[in-house]
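Colleague: I'd like to ask some things about the structure below.
Written out as structure tokens, the structure is:
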């Protein structure tokens, strides 16, 4: 079995030592109870955060760092055994709570959800009781006259320990993932003349942060500045700037604002020489503020994270849709170019055969070359119009008659129909007016319907017949129908005709009807299956053209 390697970083230990001394100076843990053991016990909030972030194996090292960091300031403890016992017992309990969060409940150490914050709050309550118990019950029996005094001291210290854990642990956990270099990009540096670059966005953000700090300072002055009023009456005013900060900056801003407010209140209470009961009362108020702001900030951050994930999903969906549109356009172009290119290839082979006897086939050769040129031009027009359509470039409307469009479409498929003994029957309303539409796109739709009809009649026993009819429909619409006397459409395919890649042909792509319906709908019309036995497709077009 290979040995287990534990990663130990001296930077982590140094950061813990410096942070311990700083927190000891700012939070003043002996405000309520003069406990000689306080400097030698690891701060529970900071210790819990470091164990969650860097690993449970740091537990014994953090005890050593606490002693080494405290000795230059407080000197060596008078009695090493009680000090080591208290520090070891507290660390053992914090190690168990950190293991519970990491191994059993599996929270995100950076507090990524309301669940993580709720479980941390639950553990903080237990850690505060552990911290209070270690400190209170480690004193000599003469420290309190009776059991009620012991309980009062226990509750008082528990309140102070809990508020420190709720201030310190979330602050460290939330901001641990931010690299120190990133702080130089924080908007507050714009106030100091850095990163201004002429950009007003950073200055506006910096000004807002400055105003929020001023709001906290003014609120603390209102709470403590009036000599003849009870400061507890105005404590609720502190909720206003805290809510402002939490709503604007989420859990990151809420943790910083709570730490600043806590330090400010501690400094004011120490400067005023407040009684221990007053300190505990303010700690109770601060506890309610901390819990409220932590959950409010986490709610704001969770919502923003959800919105960011939603925007990311939308971006991924848009990218997928663009890829799908590109694929559809490629398929559409391939589908529409297949027929004219096939015709060009057939005409080219016929022309090569005619070159064997140019004197005999001169006139026919010239006509065939003209057809090659016409098919090539039609292929180019189809490709350009389809590309413009899928790019959203709009339609090139022009005025033309349906009779002229039908005759032009028949000229492309007439020779193929004659080889299969298929005849065309026209039932055109001669009184129809001209329409405004994209001639190339409507020619593509009609060409698709005629080609499908010819392919449906291929190999049939009866003579094939295709009827093309036009008539005035309701409102401002003209209706065009293509009917063939083939075997019809099966019930299975009838419901899937206009779906992409739905086809019953062995070599078909299943895009013709889907593309045709899209083109017709873009003009304000509709394409549908009017009958399956015999097969009849109809589409409508507005006479006045597509609406902008």
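Residue numbers (my numbering): 23 to 570. Virtual Cβ for every residue (Gly too), placed ideally from N, Cα, C. Since this is a predicted model, take the numbers as computed values, not measurements.
Which residues in the same chain as residue 81 place their Cβ atom closer than 7 Å to its Cβ, once the five residues preceding and following it in sequence are excluded?
Modeller: As a working note, residue 81 is residue 59 in the chain shown. Excluding positions up to five away in sequence, the list reads 73, 113, 117.
Colleague: Compute the Euclidean distance between the alpha carbons of residue 265 and residue 315, then round it to the nearest angstrom.
Modeller: To locate residue 265, count along the chain shown from 1; it is residue 243. To locate residue 315, count along the chain shown from 1; it is residue 293. Between the alpha carbons of residue 265 and residue 315 lies a gap of roughly 7 Å.
Colleague: Just to confirm, does residue 136 get its C-beta within under 7 Å of one of the non-hydrogen atoms of the ligand NAD?
Modeller: For the structure depicted, the ligand NAD is absent and the ligand set is empty, with no information on it obtainable.
Colleague: State the DSSP-derived secondary structure class of residue 231, mapped to helix, strand or coil.
Modeller: As a position in the chain shown, residue 231 is number 209, starting the count at 1. Three-state result, residue 231: helix.
Colleague: Please determine, among 38, 426, 550, 418, the residue with the shortest C-alpha to C-alpha distance to residue 191.
Modeller: The residue you call residue 191 lines up with position 169 of the chain shown. Among 38, 426, 550, 418, the Cα nearest to that of residue 191 is on 38.
Colleague: Just tell me which of 495, 380, 319, 390 has its CA closest to the CA of residue 140.
Modeller: Taking the chain shown and counting its residues from 1, one reaches residue 140 at position 118. Cα-wise, what sits closest to residue 140 is 319.
Colleague: What's the call for residue 108, buried or exposed, on a 16-neighbour Cβ count within 10 Å?
Modeller: Taking the chain shown and counting its residues from 1, the one referred to as residue 108 is at position 86. That one is buried.
Colleague: Are the region 150-158 and the region 120-140 touching by the rule of at least three beta carbon pairs closer than 8 Å?
Modeller: no
Colleague: I need the DSSP call for residue 563, collapsed to helix, strand or coil.
Modeller: Residue numbering aside, residue 563 sits at position 541 when the chain shown is read from its first letter. Correct three-state label for residue 563: strand.
Colleague: With distance defined between alpha-carbon atoms, name the residue in 510, 452, 508, 480 nearest to residue 493.
Modeller: As a working mapping, residue 493 is identified with position 471 in the chain shown. It is 452.
Colleague: Between residue 495 and residue 562, how many whole angstroms is the CB-CB distance? I'm expecting something under 8 Å.
Modeller: For the purposes of this step, residue 495 is taken as residue 473 along the chain shown, with counting starting at 1. For the purposes of this step, residue 562 is taken as residue 540 along the chain shown, with counting starting at 1. At roughly 6 Å, the Cβ-Cβ gap stays under 8 Å, so residue 495 and residue 562 are in contact.
Colleague: Pop quiz: residue 535 and residue 490 are said to be a contact at Cβ under 8 Å. What is the actual Cβ separation, rounded to whole angstroms?
Modeller: Counting from one through the chain shown, the residue named residue 535 turns up at place 513. Counting from one through the chain shown, the residue named residue 490 turns up at place 468. No, residue 535 and residue 490 are not in contact; Cβ-Cβ is about 17 Å, not under 8 Å.
Colleague: Give a yes or no on contact between the region 276-293 and the region 234-244, applying the rule of three or more CB pairs nearer than 8 Å.
Modeller: yes
Colleague: Label residue 463 either buried or exposed according to how many other C-beta atoms from any shown protein chain fall within 10 Å of its C-beta, with 16 as the threshold for buried.
Modeller: Against the chain shown, residue 463 aligns to sequence position 441. Looking at its Cβ environment, which holds 16 or more other Cβ atoms inside 10 Å, residue 463 is buried.
Colleague: Using a 10 Å radius around the Cβ and a threshold of 16 neighbouring Cβ atoms, would you call residue 507 buried or exposed?
Modeller: Here residue 507 corresponds to residue number 485 of the chain shown, with the count starting at 1. It counts as buried.
Colleague: Pick out whichever of 85, 92, 31, 78 has its Cα sitting closest to the Cα of residue 44.
Modeller: Position 22 of the chain shown, counted from the first residue, corresponds to residue 44. With distances taken between Cα atoms, residue 44 lies closest to 92.
Colleague: On the premise that residue 482 lies in contact with residue 557, defined as a C-beta separation below 8 Å, what is that separation, rounded to the nearest angstrom?
Modeller: As a working note, residue 557 is residue 535 in the chain shown. As a working note, residue 482 is residue 460 in the chain shown. Incorrect: roughly 12 Å between the Cβ atoms, too far for contact.
Colleague: CB-CB under 7 Å to residue 206, same chain, minus the five flanking residues each way: which ones, in chain order?
Modeller: By 1-based counting over the chain shown, the position of residue 206 is 184. Summary for residue 206: the model assigns pLDDT 48, below 50, so the residue's position carries little reliability, and this model does not support an answer.
Colleague: List the residues that DSSP assigns as beta-bridge partners of residue 459.
Modeller: The sequence position of residue 459 within the chain shown is 437, counting from 1. Per DSSP, 420.
Colleague: What span of residues does the beta strand (DSSP E) with residue 550 cover, start to end?
Modeller: What you label residue 550 is simply residue 528 of the chain shown in a count that begins at 1. Note, residue 550: beta strand (DSSP E), 549-554.
Colleague: Exposed or buried, which one is residue 262 when buried takes at least 16 other CB atoms within 10 Å?
Modeller: In the chain shown, the residue the question calls residue 262 occupies position 240. Burial call: exposed.
Colleague: With distances taken from CA atoms, which of 565, 520, 543 is nearest residue 551?
Modeller: Position 529 of the chain shown, counted from the start, is the residue given in the question as residue 551. Cα-wise, what sits closest to residue 551 is 520.
Colleague: Can you tell me where the alpha helix (DSSP H) holding residue 516 begins and where it ends?
Modeller: Residue 516 sits at position 494 when you count from the first residue of the chain shown. Counting along the chain, the alpha helix (DSSP H) containing residue 516 begins and ends at 513-516.
Colleague: Output the boundary residues of the alpha helix (DSSP H) element that contains residue 534.
Modeller: As a first step, residue 534 is located in the chain shown; it is residue number 512 there, counting from the start. First-last of the alpha helix (DSSP H) with residue 534: 534-544.
Colleague: Rounding to the nearest angstrom, what Cα-Cα distance links residue 42 and residue 228 in this structure?
Modeller: Taking the first residue of the chain shown as position 1, residue 42 is located at position 20. Taking the first residue of the chain shown as position 1, residue 228 is located at position 206. Going from the Cα of residue 42 to the Cα of residue 228 covers about 30 Å.
Colleague: Locate the beta strand (DSSP E) running through residue 378, then write down its first and last residues.
Modeller: Against the chain shown, residue 378 aligns to sequence position 356. It is not in any beta strand (DSSP E) - residue 378 carries neither H nor E in the DSSP assignment.
Colleague: Roughly how many angstroms separate the alpha carbons of residue 127 and residue 286, rounded to a whole number?
Modeller: Residue mapping note: residue 127 aligns to position 105 of the chain shown, counting from 1. Residue mapping note: residue 286 aligns to position 264 of the chain shown, counting from 1. One C-alpha to the other measures close to 35 Å.
Colleague: May I ask you to report which of helix, strand or coil DSSP gives residue 130?
Modeller: Within the chain shown, the letter at position 108 stands for residue 130. Reduced to three states, the DSSP call for residue 130 is coil.
Colleague: I need the boundaries of the alpha helix (DSSP H) containing residue 446, first residue and last residue.
Modeller: Translated into positions along the chain shown, residue 446 becomes position 424. Where residue 446 is concerned, there is no enclosing alpha helix (DSSP H), although the beta strand (DSSP E) it sits in stretches over 444-449.
Colleague: Just checking my contact of residue 174 with residue 132 at CB under 8 Å: how many whole Å lie between their CB atoms?
Modeller: As a working note, residue 174 is residue 152 in the chain shown. As a working note, residue 132 is residue 110 in the chain shown. That pair is no contact at about 37 Å.
Colleague: By the DSSP assignment, the alpha helix (DSSP H) with residue 280 in it spans what residues?
Modeller: The sequence position of residue 280 within the chain shown is 258, counting from 1. Residue 280 -> alpha helix (DSSP H) spans 261-294.
Colleague: Among the candidates 40, 106, 101, 459, whose CA atom is the shortest distance from the CA of residue 94?
Modeller: Sequence index remark: in the chain shown, residue 94 carries index 72 (1-based). Checked all of 40, 106, 101, 459; the closest Cα to residue 94 is 40.
Colleague: Bridge partners of residue 400, per DSSP?
Modeller: By 1-based counting over the chain shown, the position of residue 400 is 378. Partner(s): none; residue 400 has no beta bridge.
Colleague: Using the rule of at least 16 other Cβ atoms within 10 Å of the residue's Cβ for burial, across every protein chain shown, is residue 485 buried or exposed?
Modeller: In the chain shown, residue 485 corresponds to position 463, counting from 1. It is exposed - the Cβ of residue 485 has fewer than 16 other Cβ atoms within 10 Å.
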